[in-house]
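Peer 1: Quick note, the sequence shown lines up with residues 13 to 445 if you use our numbering.
Backbone N, C-alpha and C fix where the C-beta goes; we use that ideal spot for every residue, glycine too.
Dropping the structure in here first, questions after.
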Amino acid sequence: MILDDVEHLLHERIGLDAGTVGASGLNFALKQRMAACAVTDPAAYWRRLTATPQELQELINAVIVPETWFFRDPKAYAAMADRGRAMRVPDGPANGRPLRLISLPCSTGEEPYSMAMALFDAGFAATDFAIDAVDISTRNLTTAAHAVYGRNSFRGADVEFRDRHFNAVEGGHRPHADIRRQVRFRHGNLLDPVAADVPPYDVVFCRNLLIYFDRDTQERALDRLDRLMAPHAMLVVGSGEAGLPLMRGFASLRIPMAFAFAKPAATKPAATKPAATKPAAGNSGPKPALRMPAARPAPARAHTPRPAVVPLPVAAPVPAPVAPPGNAAADSLAAVERAANEGRLGDARQAARRHIEAFGPSAAALYLLGLACDADGAAVEAVEAYRKVLYLAPDHGEALAHLALLLRRQGDVAGAKALGDRLRRLEKRSERR
Ligand SMILES: C[S@@+](CC[C@H](N)C(=O)[O-])C[C@H]1O[C@@H](n2cnc3c(N)ncnc32)[C@H](O)[C@@H]1O
């Protein structure tokens, strides 16, 4: 049936693991597109899909998960500003030149615009940096360029930045022109080979995409990210993805809650198994290399003088926040997270178990236990931990996504699909809020 063929096609072209969006998500997108094309015969739609790149793009637009908001995981932006400042000091790796940053995937623009706001807030001038923003969804890129955002894009407790960087317009809020000018949007696929003439980036944000890939595709994607990074560059991933770069040899920068990594050393751990691609479905010919945006001159325009920036040593890790005295549970949980971030997976597993014994089960501790076990190859214990997370916190999206991937790897396709459906419903619900 065409559902399987479409799953294979989407996996091959954009790396999507259909288990993470669920059969109902994929079915819904297919029905939508067939209705839009006024086609009722699935075989006729399949022929159209495989013969028309435009239709493939429309299906991708319909099926992907655009979930994003301003200053999601705020510590990542603070870490970016600190490291970026350290890179630009005289004789630093960027030595006074404008920083090159990329948000890939950028979705509807909240992430790259947050990067620009954070850098301005940290004292950077417009000529000090330029941000490329890349996504596979043309629909998301259109929304990003339009740049009018409703309540769903402002989710943190602190949205004070909106007063400083946005104008109220019909339908929501739009970032000021000086923020928008810093970001250049481009269409691109993370999985396409990186063209040889793309200058490397100083900062690479790739958050909340790896989680939708299976293990082989995650490895391919991490290798692409490595190619995009300058030797001194920083990679930032999503909170539910922090175990993945470690498995590919990236080194944690040990910045609490920033999920930030340095490039792998020259020799990286071998892939857990040779990168396998699913059988091609349809006539998907050779793909062009990802034409990442080339270096561009810094924007030449007047800007208000900003306070001098204080140089930091390049390698200085940001000190961990000091917990209030007596906050033993938070300290103990931070120790679990530190061990996991540093790749000490056995220590992380033990510390998580000790934490649960001492302070009782919590979704946060069980989730860290699940991640550490998952990364350490202890699949049975990881499944058990993720299931407990979902018992305590049924809407824990990351646990749902990880458990779905794990079940799928174990061959439990039905279980993975059920969880994928649940994840999809959860995301739809939060989109409506
Ligand atoms: C959940 S959003 C993440 C957005 C943002 N980075 C964040 O963390 O808030 C995932 C995005 O990945 C994009 N995407 C999916 N597959 C992709 C691929 N192969 N290459 C580039 N973008 C992709 C989707 O279009 C979607 O906008």
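1) With 16 as the cutoff for other CB atoms within 10 Å, does L419 come out buried or exposed?
2) DSSP state of R193, grouped into three classes?
3) For R163, report the span of its beta strand (DSSP E) as first-last.
4) With distance defined between alpha-carbon atoms, name the residue in V215, I223, R232, D228 nearest to V206.
5) Please report the straight-line C-alpha distance between M46 and E19, rounded to a whole angstrom.
6) Look at the alpha carbon of P105 and the alpha carbon of Y213, and state the distance between them as a whole number of angstroms.
7) Just checking E123 against ligand 1 - is the residue's beta carbon closer than 7 Å to any of the ligand's heavy atoms?
8) Quick check on the burial criterion: 16 or more other C-beta atoms within 10 angstroms. Buried or exposed for V392?
9) Under the DSSP definition of a beta bridge, which residues are partnered with D147?
10) Could you check if P205 belongs to the surroundings of ligand 1, using beta carbon to heavy atom distance under 7 Å?
11) By DSSP, does P108 sit in helix, in strand, or in coil?
12) Does the Cβ of S149 lie closer than 7 Å to at least one heavy atom of ligand 1?
13) Would you call A88 buried or exposed, if buried means 16 or more other Cβ atoms sit within 10 Å of its Cβ?
14) To the nearest whole angstrom, what separates the beta carbons of L111 and F83, a pair I think is in contact under 8 Å?
15) Quick one: Cα of P300 to Cα of D144, how far?
16) Tell me F273's beta-bridge partners as DSSP assigns them.
17) Answer yes or no: the CB of E24 versus the heavy atoms of ligand 3, is any distance below 7 Å?
18) Rounded to whole angstroms, what is the Cα-Cα separation between E369 and A341?
19) Mind checking D230: buried by the 16 CB within 10 Å criterion, or exposed?
20) Under a three-way DSSP split, which group does S374 fall into?
21) Any heavy atom of ligand 1 closer than 7 Å to the Cβ of V75?
22) Is the distance from the Cβ of A277 to the Cβ of G261 below 8 Å?
23) Grab the span of the alpha helix (DSSP H) containing R186 for me, first residue to last.
24) Considering A180, what are the terminal residues of the beta strand (DSSP E) in which it resides?
25) Determine the closest residue to L234 out of R174, R100, L116, with distance taken between C-alpha atoms.
26) Let me know the beta strand (DSSP E) ranges lying completely inside the segment 68-133, each 3 residues or longer, listed in chain order.
27) With a CB to CB cut of under 7 Å and the five nearest residues on each side skipped, what residues in its chain are close to A387?
28) Thinking just about the alpha-carbon of each residue, which of R151, A159, M92 is nearest to the one in F132?
29) To the nearest angstrom, report how far apart F173 and L15 are at their CA atoms.
30) How far does the alpha helix (DSSP H) with F136 in it extend, from its first residue to its last?
31) In angstroms, rounded to a whole number, what distance separates the CA positions of A384 and A360?
32) Check whether the segment 155-167 touches the segment 179-192, counting contact only when three or more Cβ pairs, one atom from each stretch, lie closer than 8 Å.
33) Looking only at C-alpha atoms, which of V33, L28, L240 sits nearest to P430?
34) In terms of residues, what are the limits of the beta strand (DSSP E) holding V51?
Peer 2: Looking at the atomic coordinates:
1) buried
2) coil
3) From DSSP, R163 is part of no beta strand (DSSP E); its letter is neither H nor E.
4) R232
5) 16 Å
6) 11 Å
7) yes
8) exposed
9) H199
10) no
11) Reading off the sequence, residue 108 comes out as Gly, not Pro. Correct three-state label for G108: coil.
12) yes
13) buried
14) At roughly 19 Å, the Cβ-Cβ gap does not stay under 8 Å, so L111 and F83 are not in contact.
15) Per-residue confidence for P300 stands at a pLDDT of 40, beneath the threshold of 50, marking its modelled position as unreliable; the derived number appears in the next sentence. Roughly 19 Å separates the two Cα atoms.
16) L247, S264
17) With respect to ligand 3, the structure shown offers nothing to examine, as its ligands consist of ligand 1.
18) 11 Å
19) The question names Asp, but residue 230 in the sequence shown is Gln. Burial call: buried.
20) coil
21) no
22) yes
23) Careful: R186 lies outside any alpha helix (DSSP H), inside the beta strand (DSSP E) at 184-187.
24) 178-181
25) L116
26) 111-115
27) G255, L258, M259, L357
28) M92
29) 44 Å
30) Note, F136: premise wrong, no alpha helix (DSSP H); not H, not E.
31) 6 Å
32) yes
33) Looking at the sequence shown, residue 430 is not Pro but Ala. For the residues V33, L28, L240, the minimum Cα distance to A430 belongs to V33.
34) Segment: none, V51 is in no beta strand (DSSP E) and carries neither H nor E.
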